[in-house]
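Visitor: One line per chain: the protein sequences are A and B, in this order. Using our numbering, the first residue of the first sequence is number 1, and each one after it goes up by one. Using our numbering, the first residue of the second sequence is number 1, and each one after it goes up by one.
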Amino acid sequence: MSSRDWPLWEVFVRGRRGLSHVHAGSLHAPDATMALRNARDLYTRRQEGVSIWVVPAAAITASSPDEKDPFFDPAADKAYRHPTFYHVPDGVRHL
Amino acid sequence: MGPRIDPVGEPEGREHEFHAVIDADGRIEPRDWMPEAYRKTLVRQIAQHAHSEIIGMQPEGNWITRAPSLKRKAILMAKVQDEAGHGLYLYSAAETLGVGRDELLDLLHSGRQKYSSIFNYPTLTWADMGAIGWLVDGAAITNQVPLCRCSYGPYARAMVRICKEESFHQRQGFEILLTLARGTAEQKAMAQDALDRWWYPSLAMFGPPDAESPNSERSMRWGIKRFSNDELRQKFVDMTVPQAEVLGLTVPDPDLRWDEERGHYDFTSPDWEEFWRVIGGDGPCNEQRMAHRVGAHAEGAWVREAATAYAAKHAGRQVGAA
Numbered sequence: 001m002s003s004r005d006w007p008l009w010e011v012f013v014r015g016r017r018g019l020s021h022v023h024a025g026s027l028h029a030p031d032a033t034m035a036l037r038n039a040r041d042l043y044t045r046r047q048e049g050v051s052i053w054v055v056p057a058a059a060i061t062a063s064s065p066d067e068k069d070p071f072f073d074p075a076a077d078k079a080y081r082h083p084t085f086y087h088v089p090d091g092v093r094h095l
Numbered sequence: 001m002g003p004r005i006d007p008v009g010e011p012e013g014r015e016h017e018f019h020a021v022i023d024a025d026g027r028i029e030p031r032d033w034m035p036e037a038y039r040k041t042l043v044r045q046i047a048q049h050a051h052s053e054i055i056g057m058q059p060e061g062n063w064i065t066r067a068p069s070l071k072r073k074a075i076l077m078a079k080v081q082d083e084a085g086h087g088l089y090l091y092s093a094a095e096t097l098g099v100g101r102d103e104l105l106d107l108l109h110s111g112r113q114k115y116s117s118i119f120n121y122p123t124l125t126w127a128d129m130g131a132i133g134w135l136v137d138g139a140a141i142t143n144q145v146p147l148c149r150c151s152y153g154p155y156a157r158a159m160v161r162i163c164k165e166e167s168f169h170q171r172q173g174f175e176i177l178l179t180l181a182r183g184t185a186e187q188k189a190m191a192q193d194a195l196d197r198w199w200y201p202s203l204a205m206f207g208p209p210d211a212e213s214p215n216s217e218r219s220m221r222w223g224i225k226r227f228s229n230d231e232l233r234q235k236f237v238d239m240t241v242p243q244a245e246v247l248g249l250t251v252p253d254p255d256l257r258w259d260e261e262r263g264h265y266d267f268t269s270p271d272w273e274e275f276w277r278v279i280g281g282d283g284p285c286n287e288q289r290m291a292h293r294v295g296a297h298a299e300g301a302w303v304r305e306a307a308t309a310y311a312a313k314h315a316g317r318q319v320g321a322a
């Protein structure tokens, strides 16, 4: 590995306790330790986070080449999974 | 995971889908199909933007050691560090379009890609730190806020981060000038001199007039650009002139006046011949900026090599321990 092909890392930041980690961006680094340090300098200069994950971009398996495709179709015709699908008579409370 | 370009000509459906997303003011994401010209335009624009952030560290870096107080020094260092960060966000966004980081740096270092011509002007006095923050970053913000709604997702997201951070830059610049303008006569003259020198180069940051900006229309149609160069320039002037009044400084334009009918300021255009000359390489600092950038990259090579060697050694140990 030369410095010309440092791997790409995806950076996830937990904004504060109680929130999940959210994708913040990406960076190049030779190893995980440097990726973490660089991520701190790059994405949390203003206290944007209390915890950082770095993940090699190559380790991510994505659902499909397109952001929308038949992979998600099975969920499209199942409106009965949402509470608004059901009729509730007037006067029924706490349901 | 770069963009997918169909080399044998796109099936009509894909192009149709692309335009449907654009027309609905949706966002294109890296793995969506996109026309090659859209991708190329974005790579060029985002790369030029990233290079500008990186080169833009130099005019201000020039004053870090001579900042007038520890507070100002700390602020200036934070600002220059932000510029580096902005460059890195933008390089990452460009990479999602299938271009490599090293390729982009090579294009900058060999002069095949440009950076904003404003950074080819010298920073002669401390007041220039104020003028850059107030005017140059002010112009950048005017340009960049609409880019937060750019049709290309990664670019738009990078711009949201950048715009949040730029507002501190503009305020600290204004504060530097306000302090000077309320200081001694000599300090006020220094502030005025900085405004005199940075006003027209700042107006030129919005690019050539609409009539001479042939690619603008297509970028507008693609949702990359939201306002024309002239519209943004007008917006900047309307916003900035009242701020100059608060500073008690005079905008160096004898023809500047409020046009009641238009509801805008009339103002003198920058010297476009000078603009093209500076972009073409003949500005006061072009050579110095490039030599410094290439030198810094070369001098940092041993650090990159050491980090690479350390990573390789460490990876070997981990395998051995397993």
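The C-beta atom is built at its ideal place from N, Cα and C for all residues, glycine as well. Here the structure is a predicted model, which is why all the values come from computation and not from measurement.
Since W222 (chain B) contacts S151 (chain B) with CB under 8 Å, what's their CB separation in whole angstroms?
Guide: Position 222 of the second sequence, counting from 1, holds the residue named residue 222 (chain B). Position 151 of the second sequence, counting from 1, holds the residue named residue 151 (chain B). About 6 Å separates the two Cβ atoms, so the contact holds.
Visitor: With 8 Å as the limit, tell me which residues of the region 81-97 of chain B have their beta carbon closer than that to any beta carbon of chain A; keep them in chain order.
Guide: Q81, D82, G85, L88, Y89, S92 and E95
Visitor: Examine the Cβ distances between the region 188-202 of chain B and the region 11-22 of chain B and report whether three or more of them are shorter than 8 Å.
Guide: The region 188-202 of chain B is not in contact with the region 11-22 of chain B.
Visitor: Just by C-beta distance, which residues in the region 72-94 of chain A are closer than 8 Å to chain B?
Guide: none
Visitor: Residues in its own chain within less than 7 Å of R161 (chain B) by CB, not counting five upstream and five downstream?
Guide: Stepping through the second sequence from its first residue, residue 161 (chain B) is reached at position 161. Excluding positions up to five away in sequence, the list reads Y89.
Visitor: DSSP three-state label for W33 (chain B), please.
Guide: Taking the first residue of the second sequence as position 1, residue 33 (chain B) is located at position 33. The answer is strand: DSSP assigns W33 (chain B) an E or B state.
Visitor: By Cβ distance below 8 Å, which residues in the same chain neighbour T250 (chain B) in space, the five residues on each side in sequence not counted?
Guide: Residue numbering aside, residue 250 (chain B) sits at position 250 when the second sequence is read from its first letter. Contacts found: Q192, L195 and A244.
Visitor: Which residue comes first and which comes last in the beta strand (DSSP E) that contains W9 (chain A)?
Guide: Within the first sequence, the letter at position 9 stands for residue 9 (chain A). Note, W9 (chain A): beta strand (DSSP E), L8 to R14.
Visitor: Can you give the Cα-Cα distance for C163 (chain B) and V145 (chain B), rounded to whole angstroms?
Guide: Here residue 163 (chain B) refers to the residue found at position 163 of the second sequence. Here residue 145 (chain B) refers to the residue found at position 145 of the second sequence. In a straight line, the C-alpha of C163 (chain B) is about 7 Å away from that of V145 (chain B).
Visitor: Find the residues of chain B that neighbour H28 (chain A), judging by a C-beta separation of less than 7 Å, and give them in chain order.
Guide: Numbered from 1 along the first sequence, position 28 holds the residue referred to as residue 28 (chain A). Simply R101.
Visitor: Could one say the Cβ of H292 (chain B) lies closer than 8 Å to chain A's Cβ atoms, at least one of them?
Guide: Working through the second sequence from its first residue, we reach residue 292 (chain B) at position 292. No, because no Cβ of chain A sits closer than 8 Å to the Cβ of H292 (chain B).
Visitor: Quick one: what's W53 (chain A) bridged to in DSSP?
Guide: Residue 53 (chain A) sits at position 53 when you count from the first residue of the first sequence. A:F12.
Visitor: Alpha carbon to alpha carbon, how far is V8 (chain B) from E10 (chain A)?
Guide: In the second sequence, residue 8 (chain B) corresponds to position 8, counting from 1. In the first sequence, residue 10 (chain A) corresponds to position 10, counting from 1. Residue placement at V8 (chain B) is poorly supported in this model, since its pLDDT is 44, which falls under 50; the coordinates still yield a value, given next. Spanning the two alpha carbons is a distance of roughly 32 Å.
Visitor: Between E10 (chain B) and the rest of its own chain, which residues show a CB-CB distance below 7 Å, the 5 nearest in sequence each way excluded?
Guide: Residue numbering aside, residue 10 (chain B) sits at position 10 when the second sequence is read from its first letter. Any answer about E10 (chain B) is weak, because its pLDDT of 49 lies below 50 and its placement is not dependable; what the coordinates show is given next. So the list reads W33, once near-sequence residues are dropped.
Visitor: According to DSSP, is R257 (chain B) part of a helix, a strand, or is it coil?
Guide: By one-based count along the second sequence, residue 257 (chain B) stands at place 257. Here R257 (chain B) sits in strand by DSSP.
Visitor: Got a sec? Which residues, its chain only, sit under 6 Å from S51 (chain A) by beta carbon, not counting five neighbours each side?
Guide: As a working note, residue 51 (chain A) is residue 51 in the first sequence. Same-chain partners within the cutoff: R14.
Visitor: Do L256 (chain B) and V278 (chain B) have their beta-carbon atoms positioned less than 8 Å apart in this structure?
Guide: Position 278 of the second sequence, counted from the start, is the residue given in the question as residue 278 (chain B). Position 256 of the second sequence, counted from the start, is the residue given in the question as residue 256 (chain B). Contact: no.
Visitor: Beta-carbon of R45 (chain A) versus every beta-carbon of chain B: anything under 8 Å?
Guide: Along the first sequence, read from residue 1 onward, the residue named residue 45 (chain A) stands at position 45. True, the Cβ-Cβ gap to chain B drops below 8 Å.
Visitor: Run through DSSP, which three-state label would H297 (chain B) get?
Guide: Taking the second sequence and counting its residues from 1, the one referred to as residue 297 (chain B) is at position 297. The answer is helix: DSSP assigns H297 (chain B) an H, G or I state.
Visitor: Find the residues of chain C that neighbour A307 (chain B), judging by a C-beta separation of less than 9 Å, and give them in chain order.
Guide: Among the protein chains in the structure shown, which are A and B, there is no chain C.
Visitor: Leaving out the 5 sequence neighbours to the left and right, which residues in its chain are closer than 8 Å to S20 (chain A) when beta-carbon positions are compared?
Guide: Counting from 1 along the first sequence, the entry for residue 20 (chain A) is found at position 20. Excluding residues within five positions, the ones whose Cβ falls inside 8 Å are R14.
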